[in-house]
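Reviewing the structure listed below.
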Amino acid sequence: MIKETMTSQQRVEAAIKLEPLDRIPVIPFIDAKFPCRYQGISQAESFRNFDSAREAMQKTFDELGGYDATFRPGQFAIESWIAATGMKTKFPGIHLPDEYILQPVEYEALVPEDYDTIIKKGFNKFYKEDYLPRVIDFPMSQLERGIERAHEQYIKDIKSWSEKGVLTFTGGFINSPMMLFGNMRSITALALDVYRTPDKVKAAFDAAVVDIIENGLHFARFTGLKGVEIVLERGSAFYWPLRIFEKFEFPYIKQIVEAFLKEDFIIILHFDTDWTLNLPYFKEFPKGKCVVQLDGTTNIFKAKEIFRNHFCIMGDVPAALSSLGTPDEMEEYCEKLIDDIGKGGGFILSTACVCPVDAKFENIKRMIQTAKNYLHSK
Amino acid sequence: MSEKLTEALANLEEAKVYEIVKKKLDGGEAPFTILEEANKGMQLIGNRFETGEYFLTDLIFSSAIFKNISTQLEPLLKEKVGREVKGKIVLGTPKGDIHDLGKNIFATLARTAGFEVYDLGVDVPPEKFVDKVKETHANILGMSALISPAFPSMQEVVEKVKQAGLRGSLKIIIGGGVTTPLAREKVGADFQTIYAHKGVMVCKEWMEVK
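Those protein sequences? They're chains A and B, same order as listed.
Just so you know, we're using the numbering used here here: the first sequence kicks off at 951 and counts up by one.
Just so you know, we're using the numbering used here here: the second sequence kicks off at 10 and counts up by one.
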């Protein structure tokens, strides 16, 4: 075991600021799914009883030997999930068997005529009055009450972790317009709109981003936490040519990042899908103010080359390794990350996106132990 | 004129493509020849993707244009010559997973490339994959997933395919954001990718070898 000379909070902050570390911090992206499965609580139950979901997370945290922060404080409420993602979603115990995890449905809930409505009416008004009723199968009044309750629960969960002496890594989260519209319209239909009516889509994005930022800031301030996650999946070069990224994705991410940095938040750029070709654009954001979180599809080694001495990298143990691999395979991969990405600091060892529901406990434990025991080979 | 259609499609100039097709039809050109020219355009698009000039949304857009042309021309074909069928693919998202974005993109690209695709949808039980392979004499079985609960289902499908004596000549491909080379190995598939177009390229290579 490496001799620890820093608290978890000091270690995480130092990693983000690219300062020297006693060891590599480890923050697996564990939400309620894996701990509830591991503790024998069904996925359906985790949406009915938020306290028991959080308690399962905390019990699993302890049984894993502890790690440097909890990525999220608890389970999402159904209502806040739908409002945040804009996606019709199937939930366990309601639309799916109890042991299934929640799964969004990809369909064209947003139609081409909506772009004009958004431009005329403003995004928030459109979203509440016209859009959300299409993706819920319960009354709007229930959605509003559910979101209120979820916010109270969120603060309760953060407080509970804090009383346990554990930092919650992210509070607020925000989608870029490309991400949110991709969710609402489906990525394939949005692609055809961008190619066929680019000016219309752009005008709708322009109208939406103002509200998206204000909503995001409002919630982030409410959580009282410094970490804010920008969810980025649907705007990468995995899907789009760079000329489209430059026009429809990056300028809006820039507006979002600038607005949050102005209030001294730390930005977690949560990259899902392959962003390797897009990464150089992000280097214009100020040093030590963002964390680049990768899901195993972006090349983490190239990311390190690009962001060395500029941004902290976080990732990227693949879900397949957590679910299907062995503890020794896990250790080997984590050691490689610590050697190649962690050398010189600026690295947080984590899972690639969310820890899978069926991860093997011994694999996640080995990941955490490797961060605590392995300095580096060179 | 022939080059113009191929070029307009390859350059993703949708309005121009439809205009050229209309002029050709008005001028009495055979629908089959027009489709052949459009096919050449699609091949150019594939090449441009391979060299990194084009991206996935370019393929999605070109497939939509090509589909519109085919829908217009196919009823006009005097004989059902159609396009050569490259092979048969049974496709689905395995039990435990209901995501279909990647699967649908793969299906679109595979159909555009000339495959017959039997799309079983999402949350597909293992037996259904096996029955469909048996029924269609498919060359390829494709499974797409975004979340890890699909892994045990994929393993079960491969096991059941073996038990049914169908594994011999059947190629199995897995894809989707959650899949990795390790998943391919543990599932027992022949190929894994997170890129739909790469998956279609490999399926084409498999059919050329046969």
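All C-beta atoms in this analysis are idealised placements derived from N, C-alpha and C, irrespective of residue type, glycine included.
- With 16 or more other CB atoms across the displayed protein chains lying within 10 angstroms of its CB, Gly96 (chain B) is buried.
- Rounded to the nearest angstrom, the gap between the Cα atoms of Met1317 (chain A) and Val218 (chain B) is 42 Å.
- Bridge partners of Phe124 (chain B) according to DSSP: B:Gly96.
- Contact note: Ser1300 (chain A) does not reach chain B at a C-beta cutoff of 9 Å; the least C-beta distance is about 16 Å.
- Leu68 (chain B) and His206 (chain B) do touch by the CB rule: their CB atoms are close to 6 Å apart, below 8 Å.
- Using a CB distance below 7 Å, the part of the segment 133-162 of chain B facing chain A consists of Ile156, Ser157, Pro158 and Phe160, ordered along the chain.
- Pro158 (chain B) has its alpha-carbon roughly 19 Å from the corresponding atom of Leu150 (chain B).
- Counting along the chain, Ser1327 (chain A) sits inside no beta strand (DSSP E), nor does DSSP assign it H or E at all.
- If you draw a straight line from the Cα of Glu125 (chain B) to the Cα of Leu100 (chain B), it comes to about 10 Å.
- Contact between the segment 987-1005 of chain A and the segment 951-971 of chain A is not established, with fewer than three Cβ pairs separated by less than 8 Å.
- Contact of Thr1247 (chain A) with chain B is assigned, a C-beta pair being separated by under 9 Å.
- Not a single CB atom of chain B sits nearer than 9 Å to the CB of Ile1108 (chain A).
- Rounded to the nearest whole angstrom, the CA to CA distance from Leu1082 (chain A) to Phe1261 (chain A) is 36 Å.
- Contact note: Val962 (chain A) does not reach chain B at a C-beta cutoff of 9 Å; the least C-beta distance is about 27 Å.
- Shown here, Lys1176 (chain A) sits in coil according to DSSP, grouped into three states, outside any helix or strand.
- The beta carbons of Leu1182 (chain A) and Ser1126 (chain A) sit closer together than 9 Å.
- Excluding residues up to 5 positions away in sequence, Met1037 and Thr1039 lie with their Cβ nearer than 6 Å to the Cβ of Pro1054 (chain A) in the same chain.
- By the neighbour-count criterion, in which a residue is buried when 16 or more other Cβ atoms sit within 10 angstroms of its Cβ, Thr955 (chain A) is exposed.
- By the Cβ criterion, the segment 1259-1275 of chain A is in contact with the segment 1295-1304 of chain A, since at least three pairs of Cβ atoms, one from each stretch, lie closer than 8 Å.
- C-alpha of Tyr1065 (chain A) to C-alpha of Tyr1231 (chain A): approximately 28 Å in a straight line.
- Within the same chain, Leu1182, Leu1244 and Thr1248 come within 6 Å of Phe1221 (chain A) by CB-CB distance, once the 5 residues on both sides are set aside.
- Fully enclosed alpha helix (DSSP H) runs of no fewer than 4 residues occupy 983-988, 993-998, 1000-1013 and 1028-1035 of the segment 979-1052 of chain A, in order along the chain.
- Across the segment 174-189 of chain B, CB contacts with chain A closer than 7 Å involve Gly186, Val187, Thr188 and Thr189, in sequence order along the chain.
- Among the residues facing chain A, His108 (chain B) is included, as its CB has a counterpart in that chain under 9 Å away.
- For the segment 110-126 of chain B, the beta-carbon criterion of a distance under 9 Å to any beta-carbon of chain A is satisfied by Leu110, Asn113, Ile114 and Thr117.
- The CB of Gln1053 (chain A) comes closer than 8 Å to the CB of Asp106, Ile107, His108 and Ile156 in chain B, given here in chain order.
- Straight-line spacing of the CA atoms in His1101 (chain A) and Leu1229 (chain A) works out to 33 Å.
- Of all C-beta pairs linking the segment 184-193 of chain B to the segment 134-142 of chain B, fewer than three are shorter than 8 Å, placing the two stretches out of contact.
- The beta carbons of Ser71 (chain B) and Leu14 (chain B) sit no closer together than 9 Å.
- Approximately 57 Å separates the beta-carbon atoms of Leu34 (chain B) and Gly1275 (chain A); this is outside 8 Å, ruling out the contact.
- In this structure, the straight-line span from the alpha carbon of Ile1044 (chain A) to that of Glu995 (chain A) is close to 11 Å.
- Gly61, Glu62, Tyr63, Phe64, Leu65, Thr66, Asp67, Ile69, Phe70 and Ala73: these are the residues of the segment 58-79 of chain B whose beta carbon lies less than 9 Å from some beta carbon of chain A, given in chain order.
- For His206 (chain B), the secondary structure class from DSSP, reduced to helix, strand or coil, is helix.
- The segment 1111-1148 of chain A is shown to contain whole beta strand (DSSP E) runs of 3 or more residues at 1122-1125, in chain order.
- Under the DSSP definition of a beta bridge, Lys180 (chain B) partners with B:Ile149.
- Where Ile1218 (chain A) is concerned, the enclosing beta strand (DSSP E) starts and stops at Ile1216 to Phe1221.
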